[in-house]
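Q: Questions regarding the structure given below will be posed in turn.
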Amino acid sequence: DGGITQSPKYLFRKEGQNVTLSCEQNLNHDAMYWYRQDPGQGLRLIYYSQIVNDFQKGDIAEGYSVSREKKESFPLTVTSAQKNPTAFYLCASKVSPFLGELFFGEGSRLTVL
Amino acid sequence: SQQGEEDPQALSIQEGENATMNCSYKTSINNLQWYRQNSGRGLVHLILIRSNEREKHSGRLRVTLDTSKKSSSLLITASRAADTASYFCATDLYSGGGADGLTFGKGTHLIIQP
Numbered sequence: 071d072g073g074i075t076q077s078p079k080y081l082f083r084k085e086g087q088n089v090t091l092s093c094e095q096n097l098n099h100d101a102m103y104w105y106r107q108d109p110g111q112g113l114r115l116i117y118y119s120q121i122v123n124d125f126q127k128g129d130i131a132e133g134y135s136v137s138r139e140k141k142e143s144f145p146l147t148v149t150s151a152q153k154n155p156t157a158f159y160l161c162a163s164k165v166s167p168f169l170g171e172l173f174f175g176e177g178s179r180l181t182v183l
Numbered sequence: 083s084q085q086g087e088e089d090p091q092a093l094s095i096q097e098g099e100n101a102t103m104n105c106s107y108k109t110s111i112n113n114l115q116w117y118r119q120n121s122g123r124g125l126v127h128l129i130l131i132r133s134n135e136r137e138k139h140s141g142r143l144r145v146t147l148d149t150s151k152k153s154s155s156l157l158i159t160a161s162r163a164a165d166t167a168s169y170f171c172a173t174d175l176y177s178g179g180g181a182d183g184l185t186f187g188k189g190t191h192l193i194i195q196p
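Heads up: the sequence lines are chains A and B, in that order.
Note that the first sequence covers residues 71 to 183 in this note's numbering.
Note that the second sequence covers residues 83 to 196 in this note's numbering.
Structure follows, in structure tokens:
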């Protein structure tokens with residue numbers, strides 16, 4: 071079945087540590103996105119990539135980094151510079167940047183201890 | 083800043099009743115989409131309505147769009163307990179065509195009482 075796989079589903083991190091969240095898609099989609107969701111809030115865009123080897127900052131990119139070395143993979147690193155990293159992180163993709171709807175993974179919940 | 087804002091923030095109705103939620107947005111768009119999120123899960127796309135459309139149906143869902151008022155509504159008819167979820171509207175920016183991601187509201191949390 072085609073879809074988006076995020077891992078891990080739950081992650082605990084100590085302050086000062088970097089963590090990387092995985093996002094893999096087998097939908098052959100060009101565009102991929104990372105969103106952050108806080109309790110009772112909407113989604114806020116962290117980074118997006120319209121094509122392999124290219125990515126752009128979203129509204130809240132500070133303290134995060136990404137790479138897009140392969141079409142199917144768009145990992146997100148939450149660095150120690152992110153002041154309030156505890157949140158639910160959602161990865162999504164679109165068939166092309168200008169077409170269609172977003173397909174979402176099941177999310178990764180990061181808790182900083 | 084939030085492009086879309088849903089209203090009400092929470093809605094509780096009896097099974098079998100209709101549920102209506104609204105979305106307002108601020109700038110010109112190419113299309114507006116509605117998504118559903120079950121607790122602790124990812125979002126699922128429900129329906130997309132283009133800026134030149136006024137109404138669209140999909141099963142028990144009916145979406146309207148009024149670009150002059152910059153607002154949309156989602157109607158779920160004959161609600162079921164399984165419809166309990168949060169519902170989000172999402173818009174693209176007219177200039178970007180959605181390439182730079184969609185902007186989401188804070189959502190309406192819908193509870194269907196059995």
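Glycine residues also receive a C-beta, built at the ideal position from the N, C-alpha and C atoms.
#1: Starting from E171 (chain A), find everything on chain B with Cβ-Cβ shorter than 7 Å and list it in chain order.
#2: Please report the distance separating the alpha-carbon of K98 (chain A) from that of E176 (chain A).
#3: From B:T109, B:M103 and B:R144, pick the residue whose C-alpha is nearest to that of S94 (chain B); which is it?
#4: Name the residue from A:Q111, A:S119 and A:A151 whose alpha carbon lies nearest to the alpha carbon of W104 (chain A).
#5: So, for F174 (chain A): in the same chain, excluding its five sequence neighbours on each side, which residues have a beta-carbon less than 8 Å away from its beta-carbon?
#6: Of the choices B:H191, B:A101 and B:G183, whose alpha-carbon is the least far from that of Y169 (chain B)?
#7: From G42 (chain A) to Q95 (chain A), what does the alpha carbon distance come to, in whole angstroms?
#8: G187 (chain B) to T166 (chain B), Cα distance in whole Å?
#9: Report the CB separation of L147 (chain B) from S154 (chain B) in whole angstroms; it is logged as a contact under 8 Å.
#10: Please check the pair S150 (chain B) and E97 (chain B), which I expect to be a contact at CB under 8 Å, by giving their CB distance rounded to whole angstroms.
#11: Need the endpoints of the beta strand (DSSP E) that E99 (chain B) sits in, please.
A: In this structure, then:
#1: As a first step, residue 171 (chain A) is located in the first sequence; it is residue number 101 there, counting from the start. By Cβ distance, chain B contributes Q115, H127 and L130.
#2: As a first step, residue 98 (chain A) is located in the first sequence; it is residue number 28 there, counting from the start. As a first step, residue 176 (chain A) is located in the first sequence; it is residue number 106 there, counting from the start. Reading off the sequence, residue 98 (chain A) comes out as Asn, not Lys. Between N98 (chain A) and E176 (chain A), the C-alpha separation is close to 18 Å.
#3: Reading the second sequence from its first residue, position 12 is the one you call residue 94 (chain B). When only C-alpha atoms are compared, the closest one is B:M103.
#4: The residue you call residue 104 (chain A) lines up with position 34 of the first sequence. Comparing Cα-Cα distances from W104 (chain A) to each of A:Q111, A:S119 and A:A151, the minimum goes to A:S119.
#5: In the first sequence, the residue the question calls residue 174 (chain A) occupies position 104. Only I74, L160, C161 and A162 meet the Cβ criterion.
#6: To locate residue 169 (chain B), count along the second sequence from 1; it is residue 87. Looking at the Cα atoms, B:H191 is the closest of the given residues.
#7: One cannot answer for residue 42 (chain A) here, as it falls past the ends of chain A, which runs 71 to 183.
#8: In the second sequence, the residue the question calls residue 187 (chain B) occupies position 105. In the second sequence, the residue the question calls residue 166 (chain B) occupies position 84. Roughly 18 Å between the two C-alpha positions.
#9: For the purposes of this step, residue 147 (chain B) is taken as residue 65 along the second sequence, with counting starting at 1. For the purposes of this step, residue 154 (chain B) is taken as residue 72 along the second sequence, with counting starting at 1. Between S154 (chain B) and L147 (chain B) the Cβ distance is about 5 Å, and since that is below 8 Å, they are a contact.
#10: Residue 150 (chain B) sits at position 68 when you count from the first residue of the second sequence. Residue 97 (chain B) sits at position 15 when you count from the first residue of the second sequence. Rounded to whole angstroms, the Cβ separation of S150 (chain B) and E97 (chain B) is 35 Å, and the two are not in contact under 8 Å.
#11: Sequence index remark: in the second sequence, residue 99 (chain B) carries index 17 (1-based). Taken as a continuous stretch (DSSP letters only), E99 (chain B) belongs to no beta strand (DSSP E), as it is neither H nor E.
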